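Take a look at the structure set out below.
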Amino acid sequence: MTGQAPPCWVVTFSCTGASRGPPPWASLWWTTREQEDMAAHVGASRTPQEVMEHYVSMYIHGNLGKACIPDTIPNRVTDHTCPGGGPLSPSLTTPLPPLDISVAEQQQLGYMPLRDDYEIEYDQEAETLISGLSVNYDDDDVEIELKRAHVDMYVRKLRERQRRKNIARDYNLVPAFLGKDRKDKDKAAKRKVTKEEKELRLKLRPLYQFMSCKEFDDLFENMHKEKVLRAKIRELQRYRRNGITKMEESAEYEAARHKREKRKENKSLAASKRGKEDGRDGEFAAIEHLPGFELLSDREKVLCSSLNLSPARYVTAKTIIIKDHLQKRQGIPAKSRLPSYLDKVLKKRILNFLTESGWISRDAS
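In structure tokens, the structure reads:
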């Protein structure tokens, strides 16, 4: 290349680590007109592209470039910000869009839409940490660090406040509180939630703050699928135990099993009818499944059934009455501490029964 070299001040800022040949950004800095002017200055023997490649190889990638352009640029700014959603991410304190609610609902919640704040926020006294701080020129290092610690504590409280707002917005807690949950529109398309799943959701409610609403719904959908698969596996295992190896044979097996269960049900109904005619099984049907029923005699079963009293409560009242009676016979003063559910009518009926049965004497009753 003859004559003066083209000016290189526009390309001496960030050229480290480039490979041989013109860099991809060279065409952006050198316009077509500038390349043609440099080619005309050099001579007609070289095209504008050849002139550019020669300049880059000799002045940028050559010895001159190695001596003038450092390997690492000392004034490069390092990005210390965390990714979005991280524990120290600035996005944690980014205000959310205002809630789409009426003025009356805003007043009911104490909500200020332009600031996305409430009259009573989480940790309402958080601002007291910095309300009295002031920067003075005569502060020593300890005072400066103490004030920085107060500011850091305040920022953490703001992040926790914003995190709770994000959770409330994600789970639509405000529309649910106002009685207009937007999820009601999609309930028709979703499956019916069982009672067990509702109880489990209540038990796992503390996990809301660690999972998004979609993740929480996916968790329960996967648990429902697992339950269905387990039931299907048990059904197939039952088929295998009964010698069924093909799904075509299962229909005949299920029909026969349904007939057997129907016969058993009819037999149990007939037995219950006979019991009602005898006047005994139907009489004890209300208490026979309660704890303590096997401890009662036949007459005590009739008493508890007539008084609509559970066996456990009857045994408790019986124990207290007999204990008080024995203490009085021994001359020990005893205060009757009968349970609160035992009113005067029940107490009189139980005392008469225990007297007739010989558990206590008549003077005690």
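Position one of the sequence shown corresponds to residue 39 (this note's numbering), numbered consecutively onward. Beta carbons are placed, not taken as given, at the ideal position from N, Cα and C, and that holds for glycine. These numbers come from a predicted model, not from an experiment.
Going by alpha carbons, who is nearest to R153 out of T357, P135 and K104? Per the Cα distances, P135.
Does the count of Cβ pairs from the segment 344–358 and the segment 328–335 closer than 8 Å reach three? Between the segment 344–358 and the segment 328–335 there are three or more C-beta pairs closer than 8 Å, enough to call the two in contact.
Within the 8 Å Cβ cut-off, does D179 reach chain D? The structure shown contains no chain D; it is built from a single protein chain.
Quick one, which of Q146, A324, S395 and T354 has its alpha-carbon nearest L376's? T354
With three or more C-beta pairs closer than 8 Å as the rule, is the segment 386–400 touching the segment 357–365? yes
Mind checking whether Y246 and Y209 have CB atoms under 8 Å apart? yes
Is DSSP giving D155 helix, strand or coil here? strand
C-beta contact flag for I168 and H188 at 8 Å: yes
If S306 sits next to I325, beta carbons under 8 Å apart, how far is it from one beta carbon to the other, in whole angstroms? Actually they are not in contact, since the Cβ atoms of S306 and I325 sit about 19 Å apart, beyond 8 Å.
What distance in whole Å lies between the Cβ atoms of E159 and R199, which are believed to be in contact at a cut-off of 8 Å? Sure, about 6 Å apart at Cβ, within 8 Å.
Contact check, Q144 vs P151 under 8 Å by CB: the rounded distance? 6 Å
Out of F258, M76, L267 and E253, state which residue places its alpha-carbon closest to the alpha-carbon of E237. Per the Cα distances, F258.
Mind checking who Y149 pairs with in its DSSP beta bridge? Y156
If you draw a straight line from the alpha carbon of G212 to that of R201, how long is it in whole angstroms? For the record, residue 212 in the displayed sequence is Val; it is not Gly. When rounded, the distance between both Cα atoms is 15 Å.
Could you compute how far the alpha carbon of R387 sits from the alpha carbon of L334? Taking the straight line from one Cα to the other gives about 16 Å.
Would DSSP call R375 helix, strand or coil? Reduced to three states, the DSSP call for R375 is coil.
Which of helix, strand or coil does DSSP assign to Q73? In the structure shown, Q73 sits in a helix (DSSP, three-state: H, G or I).
Mapping DSSP to helix, strand and coil, what is V180? helix
Beta-carbon separation (whole angstroms), L392 vs K356, contact threshold 8 Å: 7 Å
Would you mind sorting M9 into buried or exposed? The rule is 16 or more other CB atoms within 10 Å of its CB. In the structure as shown, the chain starts at 39 and stops at 403, and residue 9 therefore has no counterpart that could be examined.
Ignoring anything shorter than 4 residues, give me the alpha helix (DSSP H) runs that lie fully in the segment 230–296, in order along the chain. Taking only runs of at least 4 residues, the alpha helix (DSSP H) segments lying wholly in the segment 230–296 are 233–241 and 251–279.
N- and C-terminal bounds of the alpha helix (DSSP H) containing Q368: Annotation for Q368: no alpha helix (DSSP H) segment contains it, and DSSP assigns it neither H nor E.
With 16 other Cβ atoms within 10 Å as the buried cut-off, status of M76: buried
Whole-angstrom Cβ separation of Y291 and N280, contact assumed at under 8 Å? A Cβ-Cβ separation of about 6 Å places Y291 in contact with N280 under the 8 Å criterion.
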